[in-house]
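First up is the structure itself, then whatever we jot down about it.
There are 2 protein chains.
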Amino acid sequence: MPKFTYNFNFGGQNSAVFIQDSLPGIEDLQNSGIHAPEDKSRRILLVCDANTQPIARKIQESSETLIPVCVLQSGETHKNWASAEAIIKAAREAGLGRDGLFVGIGGGVISDLTAFAASVYMRGAKLSLVSTTLLGMADAALGGKAGFDYLGIKNLVGTFYPASRVFMPLCSLETLPQREWKSGMAELIKTAILSDADFLNQIKTLKQGRENLDACIAKAVEFKGRIVEQDPKETGKMRALLNLGHTFGHALESAAGLGKISHGEAVAWGIARSCELGMELNITPQKRAAEIIALLNDFGYETRAPHPLNIPAEEMLKAMSSDKKKQNRTLAFIVPAPQGAEIAQIPDGSPLPKKIINRESQ
Amino acid sequence: MPKFTYNFNFGGQNSAVFIQDSLPGIEDLQNSGIHAPEDKSRRILLVCDANTQPIARKIQESSETLIPVCVLQSGETHKNWASAEAIIKAAREAGLGRDGLFVGIGGGVISDLTAFAASVYMRGAKLSLVSTTLLGMADAALGGKAGFDYLGIKNLVGTFYPASRVFMPLCSLETLPQREWKSGMAELIKTAILSDADFLNQIKTLKQGRENLDACIAKAVEFKGRIVEQDPKETGKMRALLNLGHTFGHALESAAGLGKISHGEAVAWGIARSCELGMELNITPQKRAAEIIALLNDFGYETRAPHPLNIPAEEMLKAMSSDKKKQNRTLAFIVPAPQGAEIAQIPDGSPLPKKIINRESQ
Numbered sequence: 001m002p003k004f005t006y007n008f009n010f011g012g013q014n015s016a017v018f019i020q021d022s023l024p025g026i027e028d029l030q031n032s033g034i035h036a037p038e039d040k041s042r043r044i045l046l047v048c049d050a051n052t053q054p055i056a057r058k059i060q061e062s063s064e065t066l067i068p069v070c071v072l073q074s075g076e077t078h079k080n081w082a083s084a085e086a087i088i089k090a091a092r093e094a095g096l097g098r099d100g101l102f103v104g105i106g107g108g109v110i111s112d113l114t115a116f117a118a119s120v121y122m123r124g125a126k127l128s129l130v131s132t133t134l135l136g137m138a139d140a141a142l143g144g145k146a147g148f149d150y151l152g153i154k155n156l157v158g159t160f161y162p163a164s165r166v167f168m169p170l171c172s173l174e175t176l177p178q179r180e181w182k183s184g185m186a187e188l189i190k191t192a193i194l195s196d197a198d199f200l201n202q203i204k205t206l207k208q209g210r211e212n213l214d215a216c217i218a219k220a221v222e223f224k225g226r227i228v229e230q231d232p233k234e235t236g237k238m239r240a241l242l243n244l245g246h247t248f249g250h251a252l253e254s255a256a257g258l259g260k261i262s263h264g265e266a267v268a269w270g271i272a273r274s275c276e277l278g279m280e281l282n283i284t285p286q287k288r289a290a291e292i293i294a295l296l297n298d299f300g301y302e303t304r305a306p307h308p309l310n311i312p313a314e315e316m317l318k319a320m321s322s323d324k325k326k327q328n329r330t331l332a333f334i335v336p337a338p339q340g341a342e343i344a345q346i347p348d349g350s351p352l353p354k355k356i357i358n359r360e361s362q
Numbered sequence: 001m002p003k004f005t006y007n008f009n010f011g012g013q014n015s016a017v018f019i020q021d022s023l024p025g026i027e028d029l030q031n032s033g034i035h036a037p038e039d040k041s042r043r044i045l046l047v048c049d050a051n052t053q054p055i056a057r058k059i060q061e062s063s064e065t066l067i068p069v070c071v072l073q074s075g076e077t078h079k080n081w082a083s084a085e086a087i088i089k090a091a092r093e094a095g096l097g098r099d100g101l102f103v104g105i106g107g108g109v110i111s112d113l114t115a116f117a118a119s120v121y122m123r124g125a126k127l128s129l130v131s132t133t134l135l136g137m138a139d140a141a142l143g144g145k146a147g148f149d150y151l152g153i154k155n156l157v158g159t160f161y162p163a164s165r166v167f168m169p170l171c172s173l174e175t176l177p178q179r180e181w182k183s184g185m186a187e188l189i190k191t192a193i194l195s196d197a198d199f200l201n202q203i204k205t206l207k208q209g210r211e212n213l214d215a216c217i218a219k220a221v222e223f224k225g226r227i228v229e230q231d232p233k234e235t236g237k238m239r240a241l242l243n244l245g246h247t248f249g250h251a252l253e254s255a256a257g258l259g260k261i262s263h264g265e266a267v268a269w270g271i272a273r274s275c276e277l278g279m280e281l282n283i284t285p286q287k288r289a290a291e292i293i294a295l296l297n298d299f300g301y302e303t304r305a306p307h308p309l310n311i312p313a314e315e316m317l318k319a320m321s322s323d324k325k326k327q328n329r330t331l332a333f334i335v336p337a338p339q340g341a342e343i344a345q346i347p348d349g350s351p352l353p354k355k356i357i358n359r360e361s362q
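Residue numbers (UniProt numbering), protein chains in the order written: chain B, 1 to 362; chain P, 1 to 362.
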């Protein structure tokens with residue numbers, strides 16, 4: 001039985017989330033709600049990487065028939081067309097039709113790639129996700145952003161394609177490497193900043209132990225889900241708020257070389273920069289900025305500027321200027337407000353972002 | 001001034017069609033209706049092939065600033081990821097943001113590729129199409145089907161992504177090669193069969209001269225547009241009707257080797273086969289089938305079975321069995337009814353399609 005269940009509607013597409021202790025079985029994946037029982041004959045493809053192959057195997061074992069598996073190479077550097085192509089090819093070989101079900105088992109990279117492949121396979125096949133990392137549960141698996149990196153730009157190629165069902169099996173976190181923990185925690189912190197003081201206080205308790213983790217994940221899922229329901233394709237301003245820390249963060253990730261700094265670590269650094277920018281623009285109160293940066297430091301994130309990896313500011317500015325959030329030659333930065341956050345539009349070419357990137361930490 | 005203008009709404013996305021004598025200028029392309037005037041600064045990328053490069057050049061000349069052009073290799077054999085990638089790369093180099101405008105100038109291949117690239121660029125950029133072939137005007141440019149061929153299967157990879165504006169400049173048909181004419185005419189005939197006796201009679205007059213051509217294109221656009229409005233993503237049964245002749249036709253195209261037989265010629269052969277299948281199933285009256293096949297013969301299409309190219313039936317059946325229209329191990333064939341057409345579901349493995357493919361012509 002799931003500990004928490006949510007049902008979202010993202011632009012007409014139902015997306016159910018199950019936070020539960022155990023892994024889903026094939027029956028759970030099959031029963032996607034939108035299909036009649038006789039549809040159980042439809043073909044399934046599991047997608048995983050070396051890290052989640054043991055989980056894929058357990059799911060396979062829950063089926064009486066042989067379920068094919070496509071094993072991708074791990075990591076951000078393989079988040080490319082070649083991996084998406086491998087999924088499509090495997091689906092074709094496994095005989096999936098337009099009613100076939102793609103199941104992505106893993107963290108953000110696997111989720112994004114599997115969702116992309118499903119979204120373009122025969123112009124859109126069925127999709128379920130099994131999110132096995134904290135980053136996936138706190139952010140990536142929910143809300144339909146799919147895609148891969150190209151020309152050194154994060155998710156330059158992508159679609160919006162919410163999964164019908166997202167499973168978040170807490171047992172998969174038991175073996176999560178420290179780097180992955182840290183990466184996911186940053187997205188949890190980001191969501192708490194956007195949400196309210198209660199959530200932020202609850203996050204603080206995670207420093208001591210993980211008893212509250214399931215409740216924190218549930219809060220993050222509910223908060224993000226409600227925002228994406230209001231603005232599924234980020235055409236309004238609602239969904240853009242979820243990009244707190246991401247304009248600076250993506251720039252750091254890209255300039256460092258994709259995969260070098262984890263997404264969450266880059267986002268945490270970006271949140272610290274957003275606090276500085278918000279203070280500069282008189283949007284973020286000094287007390288609020290100090291509280292957020294102290295929390296990030298507590299969790300061991302790098303918040304200093306310039307970043308100790310000595311990445312030239314010019315490289316980061318170049319990456320920023322090709323950011324997807326750029327419109328009308330203006331860059332959108334999300335900065336913490338007294339409560340939640342706000343969008344700040346900065347004209348491309350303004351000296352402000354460079355100043356913030358380079359500012360010696362206080 | 002356009003001779004005919006239509007405004008469709010495909011699942012919440014507005015799509016305007018302009019049938020006019022002359023080419024659109026940059027101003028027409030820019031003024032996409034959904035943008036405020038200050039958005040005119042946004043970047044544009046023209047996409048064409050060697051055949052439509054002169055048209056792209058004329059459109060370029062209508063602009064005071066330099067508009068970049070991406071020139072693809074021509075033909076169905078280049079309808080692949082490499083071409084889509086080339087468009088995405090050119091867009092990136094030209095500095096297009098998410099609000100950038102992709103303009104595909106050409107027939108079905110260019111339309112499908114440009115629309116696909118726009119649909120996945122930063123999770124969805126702006127799109128206009130300039131349809132320069134009869135096939136494009138009668139069918140491909142309208143209704144949002146985007147994609148490319150993979151593993152020998154037509155449009156295995158794709159999305160639904162309607163263009164905001166579709167221009168159909170009749171002047172571009174003046175230099176259209178005979179093979180292209182024939183390919184497009186088949187889609188016009190298909191639409192007339194689905195529509196009504198009046199439209200079918202109007203088509204017959206095109207044998208004598210092309211005076212009625214613009215009105216025929218307008219009728220096809222209106223008919224298809226209204227159908228796609230009701231079922232934009234082919235989830236219901238409405239849009240599937242537009243696939244008349246396509247299950248047999250795609251199988252012939254694929255088995256012959258993509259690009260060997262033109263899409264329209266394959267569809268015409270497929271329509272003849274659908275008539276035979278419809279008679280076998282007591283859906284198509286004999287008189288109706290005879291009238292349709294006579295019309296196809298009048299226009300010089302190959303309607304005989306087995307196809308004189310001696311393509312093994314097994315190859316065609318294999319291609320059919322990987323058709324996107326397959327669901328629940330059942331193949332959907334559209335067959336002419338006393339009026340319009342109907343869907344006939346045939347279980348995969350039924351001997352009927354093979355019989356129809358191989359039947360000696362009567």
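C-beta: ideal position from N, C-alpha, C; glycine also. From a predicted model like this one, the values you see are computed outputs, not experimental measurements.
Taking the alpha-carbon of residue i as reference, which of the options has the nearest alpha-carbon?
i      : options                           : result
E180/P : L151/P, E265/P and P312/P         : E265/P
K355/P : S274/P, D149/P and R329/P         : S274/P
P306/P : G100/P, I283/P and E276/P         : E276/P
E27/B  : D231/B, Q60/B, E360/B and R226/B  : Q60/B
N243/P : A218/P, Y6/P, E187/P and T65/P    : E187/P
I261/P : I203/P, S183/P, I271/P and K207/P : S183/P
G107/P : L46/P, S254/P, T303/P and N51/P   : N51/P
N31/B  : I292/B, L317/B and V166/B         : V166/B
G100/P : L45/P, I87/P and I293/P           : L45/P
A294/P : N310/P, K318/P, W269/P and L317/P : W269/P
K154/P : L113/P, A290/P and F10/P          : L113/P
M185/B : L206/B, E174/B and N201/B         : L206/B
Assign residue i to one of two classes, buried (16 or more other C-beta atoms within 10 Å of its C-beta) or exposed (fewer than that).
i             : result
K287/P        : exposed
D198/P        : exposed
A140/P        : buried
N282/P        : exposed
D298/P        : exposed
residue 368/B : Nothing in the structure corresponds to residue 368/B, since chain B is present only between 1 and 362.
L66/B         : exposed
R57/B         : exposed
G136/P        : buried
R92/B         : buried
P232/P        : buried
E76/P         : buried
A82/B         : exposed
Please classify residue i: does DSSP put it in a helix, a strand, or coil?
i      : result
E342/P : strand
D298/P : helix
M320/B : helix
K126/B : strand
S183/B : helix
I292/P : helix
T284/B : coil
P336/P : strand
A36/P  : Confidence in A36/P is poor, its pLDDT being 45 and thus under 50, which makes the residue's placement unreliable; the coordinate value appears in the next sentence. Three-state result, A36/P: coil.
G75/P  : coil
Can you name, in chain order, every residue of its own chain whose Cβ lies under 8 Å from the Cβ of residue i, other than the five neighbours on each side?
i      : result
D21/B  : K3, P169, L170 and C171
F223/P : T191, L194, S195 and F199
Q53/P  : V69 and V71
D348/B : S321, K326, R329, T330 and L331
On the DSSP bridge assignment, give the partners of residue i in chain order.
i      : result
I19/B  : F4/B and M168/B
P347/B : T330/B
T303/B : Per DSSP, none; premise fails for T303/B.
V267/B : Note: V267/B sits in no beta bridge, so no partner.
Report all residues from its chain with a CB closer than 6 Å to the CB of residue i; omit the five preceding and five following residues, and keep chain order.
i      : result
Y161/P : A115, S119, G144 and A146
P37/P  : Confidence is the limiting factor: at P37/P the pLDDT is only 43, short of 50, which leaves the residue's position unreliable and the question unanswerable from this model.
A16/P  : N7 and R165
M122/B : R98
For residue i, which residues from the same chain have a beta carbon less than 7 Å from its beta carbon, with the 5 sequence-adjacent residues on both sides left out?
i      : result
L176/P : T133 and L134
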